[in-house]
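FYI, the working numbering numbers position 133 of the sequence shown as 140, with every residue one higher than the one before it. Below: one structure, written as structure tokens.
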Amino acid sequence: MPQVRRCPPYPARPSLKRETMEQHDEPVTLSLAGIARLAGVSRAAVSNWRRRHSDFPEPVGGTDASPMFSLADAESWLLRHGKIDESSSGWDRLWPRIEDLGDRDGMAHLLASAGERLAIPAIDPPRGAPEPSAADRRLADEVVRLALRQSPKEAFAVLLDRWHAVHVRQLFVSPRQLADTMVALAAELRDGSAPVHRVLDPACGMGSLLAASGRRWSGQVPPPALAGVDNDAAVARLTRARLALEFPGCERHVQSGDTLLDAPLRHASRADVVLSYPPSNERSWGHDELATDPRWTYGTPPRTEPELAWVQHCLSVLEPGGVAVLVLPPGVASRRAGRRIRAGLVRTGAVRAVVALPPGSAPPHGVGLHLWLLATPREHPADEVTFVDAADCRTTALTGRGMAVDWDGLRERTVAALRGSDLPAVTRVPTAELLGDETDLTPSRRTVTERSVGPVELRRTWTGWDKALMDMDDAAKAVREHEASAAVPDDFGYTFVGDLERSGALDVTPGKVLADDLIQQGAQAEDALPVVTPWAVRGEEPWVAAAQAAELEAEGQGVMTSFGDVVVVTAAGGFDVWVETAGPRLLGAHTVRLRTDPALLDPFFLAACLSAPGNDQRAGTRASSSSRVDVRRLRVLRAPATQQRRIGEVHRRLVRFREAVADLGRHGDVLSAMLSGLLAQGRLTEE
8 MPQVRRCPPY
18 PARPSLKRET
28 MEQHDEPVTL
38 SLAGIARLAG
48 VSRAAVSNWR
58 RRHSDFPEPV
68 GGTDASPMFS
78 LADAESWLLR
88 HGKIDESSSG
98 WDRLWPRIED
108 LGDRDGMAHL
118 LASAGERLAI
128 PAIDPPRGAP
138 EPSAADRRLA
148 DEVVRLALRQ
158 SPKEAFAVLL
168 DRWHAVHVRQ
178 LFVSPRQLAD
188 TMVALAAELR
198 DGSAPVHRVL
208 DPACGMGSLL
218 AASGRRWSGQ
228 VPPPALAGVD
238 NDAAVARLTR
248 ARLALEFPGC
258 ERHVQSGDTL
268 LDAPLRHASR
278 ADVVLSYPPS
288 NERSWGHDEL
298 ATDPRWTYGT
308 PPRTEPELAW
318 VQHCLSVLEP
328 GGVAVLVLPP
338 GVASRRAGRR
348 IRAGLVRTGA
358 VRAVVALPPG
368 SAPPHGVGLH
378 LWLLATPREH
388 PADEVTFVDA
398 ADCRTTALTG
408 RGMAVDWDGL
418 RERTVAALRG
428 SDLPAVTRVP
438 TAELLGDETD
448 LTPSRRTVTE
458 RSVGPVELRR
468 TWTGWDKALM
478 DMDDAAKAVR
488 EHEASAAVPD
498 DFGYTFVGDL
508 ERSGALDVTP
518 GKVLADDLIQ
528 QGAQAEDALP
538 VVTPWAVRGE
548 EPWVAAAQAA
558 ELEAEGQGVM
568 TSFGDVVVVT
578 AAGGFDVWVE
588 TAGPRLLGAH
598 TVRLRTDPAL
608 LDPFFLAACL
618 SAPGNDQRAG
628 TRASSSSRVD
638 VRRLRVLRAP
648 ATQQRRIGEV
658 HRRLVRFREA
668 VADLGRHGDV
678 LSAMLSGLLA
688 QGRLTEE
């Protein structure tokens, strides 16, 4: 049986100075909303409890409009009345107290301080970090105590994910698959035998690119130093703690500041690899202050071209033989204001390749971003630039709804292009040809290819369209017979998943954070078990060995699905619900398994209710638009068993209809493109 890699035992630590609640007059408090999160219900439900129950705890602070309650009193009351039980997850019970701090930076500094203490060896807070209050210190003590009962690294990852989910609209995180792709391309661009001594991200955010670098190179001897800068002090501190926990063997240098403007950061230590998704469309990036900056080797960036300032900064800190991979908006490749700088970059050989990504690869998801692959200019610069148009690297999402990025195909195409392979959508353009008036580096304008479509392929495509059309028509007939009634039946009402859990109608089991070395990509083994994660929903096909999944489940470190389970993806922007009919699968972070008692609750009925439009917004952490979904706050129709089965059956028909419509759309796109190409070639004739 394959062995599951386990974290090594943690050495004994010096005792922590813990301040218990009893040692302080001031109790740890939380609001009505905090009590609601603790119980997994709506705030209105808690207000109702307060009115109906005379023994509901009295406020210990706050105002009449926003009272604050003792956490100990609230937990005691909830336990006494059966609203929560002792088996509740420690993090589920502690997180509402952290979230009740409200302030984004306050939460970040508290979590970072806990991460600094959990690291081995522990690290000191960065210079200038705010001094925590007594209440914050007590809360951080509890975070540390709970994390020490499990893997501190995994515990901190859970907290970091939750913090990001709460504040997702204020933050940007490079998607993991994009980060891994950038690292893979940087490794390919370098001499494979040359060790990497230092990796830098001058706009590191939450450290996704540095973490991907650590996963790739931390095993080399010696491991590389990981360096990052971010102008958000709270985010930089979190990243510093994260890297200390994930890569204790690497040197780490993460600091806060403005990379372009701050003098000490302009001349940072050089790096072998620079990876970054720098800010774009900024107008106050320092154009006037930096007019004569020595980094502008290829020309002073116009005020409207901050991205080219970042490009030149990254090149300025590269060691000889160093490489950089940057994510840039597509306009940087063609705007007239930047043509002279682009020409200089091409002339000296600094631009090695430009890759067009599919829309949806990273925020903003509606834009097809570019990867610029850069390197220090050589004495004899390369005489060509490689262009890769990977915008068509898309596949059907695992749920069968919509299209997603085919990261494996994208990496394979780009790596093959860098190795000199001749492929469709790949071209190498001589430098002299690029040095015209525009110096346009847009891949799609350099890699135009025409497919030769023959009569047999066209007839086969029409056959596929006809079949998809018939399937869609059959699916439509199955749902067209239903009519909209004027009102909800009198015996119907609404309840919440949290209420159903307490009544025993279902069990709520969140997916687990899975170790990176367990998850496989690419060709699957015979006993492969699919892994459901937010990025899997967007088109990846990660998997683990079935024996490993079974061992994880036996140890309480894995959650597997069975036929009839309802799976909910709770990640920001990726909310999805379906009934497991193919299982089993292993659930990763940001997923939840709902296992119903079929005698009380039909799973297809439950999925129909949970996936209703707007339900995810009502269950989000913000009233206007959900930044994360609390599954226990999702609303469910209250209906008799016979009606549940009827609604569940109709939901199955709707799922088939939705899949048929999506399939017809895909066939239509292929057929339309094929006909357009034939028409433009003068080859589309009447029979």
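Glycine is no exception: its CB is placed at the ideal position from the N, C-alpha and C atoms. None of these values were measured; they are calculated from a predicted model.
Using a Cβ-Cβ cutoff of less than 7 Å, which residues in the same chain neighbour residue i once the five nearest sequence positions on both sides are dropped?
{"i": "Thr57", "result": "The sequence as given places Arg at residue 57; Thr does not occur at that position. Closer than 7 Å at Cβ, skipping near neighbours: Phe63."}
{"i": "Glu253", "result": "Lys160, Ala218 and Gly221"}
{"i": "Phe582", "result": "Val576, Asp623 and Val636"}
{"i": "Arg50", "result": "Leu39, Ala40 and Ala43"}
{"i": "Glu391", "result": "Arg435, Val436, Pro437 and Thr438"}
{"i": "Ala194", "result": "Arg223"}
{"i": "Leu245", "result": "Ala115, Leu118, Ala119, Leu167 and Met213"}
{"i": "Ala129", "result": "Glu123"}
{"i": "Arg629", "result": "Here Arg629 scores only 43 on pLDDT, less than 50, and its place in the model is too uncertain to base an answer on."}
Give the DSSP bridge partners of residue i, in chain order.
{"i": "Pro74", "result": "Gly69"}
{"i": "Asp567", "result": "The residue you asked about is not Asp; residue 567 is Met in the sequence shown. Bridge partners of Met567: Leu593."}
{"i": "Arg262", "result": "It should be noted that the sequence gives Gln, not Arg, for residue 262. Val236."}
{"i": "Leu37", "result": "Phe76"}
{"i": "Ala360", "result": "Leu380 and Thr393"}
{"i": "Trp550", "result": "Gln527 and Pro537"}
{"i": "Trp585", "result": "Val574"}
{"i": "Val668", "result": "In the DSSP output, where bridge partners are listed per residue, Val668 has none listed."}
{"i": "Thr598", "result": "Val576"}
Could you tell me how far apart the beta carbons of residue i and residue j are, in whole angstroms, since I believe they sit closer than 8 Å?
{"i": "Ala424", "j": "Val395", "result": "5 Å"}
{"i": "Pro309", "j": "Gly345", "result": "7 Å"}
{"i": "Trp98", "j": "Leu153", "result": "7 Å"}
{"i": "Arg205", "j": "Ser283", "result": "With 8 Å as the limit, Arg205 and Ser283 do not qualify as a contact, their Cβ atoms being about 14 Å apart."}
{"i": "Arg592", "j": "Pro541", "result": "The pair is not a contact, with the Cβ atoms about 14 Å apart (cut-off 8 Å)."}
{"i": "Arg385", "j": "Gly356", "result": "6 Å"}
{"i": "Val551", "j": "Leu525", "result": "5 Å"}
{"i": "Leu381", "j": "Val358", "result": "6 Å"}
{"i": "Val362", "j": "Thr446", "result": "Not confirmed; about 18 Å, so no contact."}
{"i": "Thr266", "j": "Val236", "result": "5 Å"}
{"i": "Val573", "j": "Pro517", "result": "The pair is not a contact, with the Cβ atoms about 13 Å apart (cut-off 8 Å)."}
{"i": "Ala232", "j": "Gln262", "result": "Their Cβ separation, rounded to whole angstroms, is 13 Å, which puts Ala232 and Gln262 out of contact at 8 Å."}
{"i": "Val638", "j": "Val515", "result": "6 Å"}
{"i": "Phe179", "j": "Arg249", "result": "About 16 Å; that fails the 8 Å criterion."}
Where does residue i land, buried or exposed, given buried means 16+ other C-beta within 10 angstroms?
{"i": "Gly367", "result": "buried"}
{"i": "Ile127", "result": "exposed"}
{"i": "Ser291", "result": "exposed"}
{"i": "Arg87", "result": "exposed"}
{"i": "Glu29", "result": "With a pLDDT of 36 at Glu29, under the threshold of 50, the predicted position of this residue should be treated as unreliable, though the coordinate-derived value follows. Label assigned to Glu29: exposed."}
{"i": "Arg453", "result": "buried"}
{"i": "Ser632", "result": "With a pLDDT of only 37 at Ser632, under 50, the local geometry of the prediction cannot be trusted, and the value read off the model is given with reservation. So Ser632 counts as exposed."}
{"i": "Phe664", "result": "buried"}
{"i": "Ala669", "result": "buried"}
{"i": "Lys90", "result": "buried"}
{"i": "Gln227", "result": "exposed"}
{"i": "His171", "result": "buried"}
{"i": "Arg176", "result": "exposed"}
{"i": "Gly500", "result": "exposed"}
{"i": "Lys519", "result": "buried"}
{"i": "Leu607", "result": "exposed"}
Excluding the 5 residues flanking residue i on each side, which residues of the same chain have their C-beta closer than 6 Å to its C-beta?
{"i": "Leu559", "result": "Gly565"}
{"i": "Leu641", "result": "Val504, Leu617, Asn622 and Ala626"}
{"i": "Arg347", "result": "Gly306"}
{"i": "Leu207", "result": "Ala234, Ala278 and Val281"}
{"i": "Ser323", "result": "Arg302"}
{"i": "Ala485", "result": "Arg660"}
{"i": "His294", "result": "Arg310"}
{"i": "Glu534", "result": "Looking at the sequence itself, residue 534 is Asp, so the reference to Glu does not match. Ala552 and Ala553."}
{"i": "Pro230", "result": "Gly256 and Cys257"}
{"i": "Asp80", "result": "Pro64"}
{"i": "Ala610", "result": "According to the sequence provided, residue 610 is Pro. The question's Ala does not apply to it. These residues qualify, in order along the chain: Gly571, Val573, Val586 and Thr603."}
{"i": "Gly471", "result": "His674"}
What residues in its chain sit with their C-beta under 8 Å from that of residue i, if we drop five residues either side in the sequence?
{"i": "Glu289", "result": "Pro313"}
{"i": "Val151", "result": "Leu23, Ala121, Arg124 and Leu125"}
{"i": "Ala241", "result": "Arg111, Asp112, Ala115, His116 and Ala119"}
Next on the checklist: Runs of 4 residues minimum, wholly inside the stretch 87-175: which ones carry the alpha helix (DSSP H) assignment?
Outcome noted: Taken in chain order, the whole alpha helix (DSSP H) runs of length 4 or more contained in the stretch 87-175 are 97-106, 111-125, 141-154 and 159-173.
Checklist entry - What alpha helix (DSSP H) runs, 4 residues minimum, are completely inside the stretch 173-235? => result Taken in chain order, the complete alpha helix (DSSP H) segments of 4 residues or longer contained in the stretch 173-235 are 183-196 and 215-224.
Checklist entry - In the stretch 434-509, which residue ranges form an unbroken beta strand (DSSP E) of at least 3 residues, counting only runs that do not cross its ends? => result Taken in chain order, the unbroken stretches of beta strand (DSSP E) that lie wholly in the stretch 434-509 and span 3 residues or more are 500-503.
Next on the checklist: Threshold first: 4 residues or longer. Then list the alpha helix (DSSP H) segments lying entirely within the stretch 276-363, N to C.
Outcome noted: DSSP runs (the alpha helix (DSSP H)) wholly in the stretch 276-363: 313-323 and 346-354.
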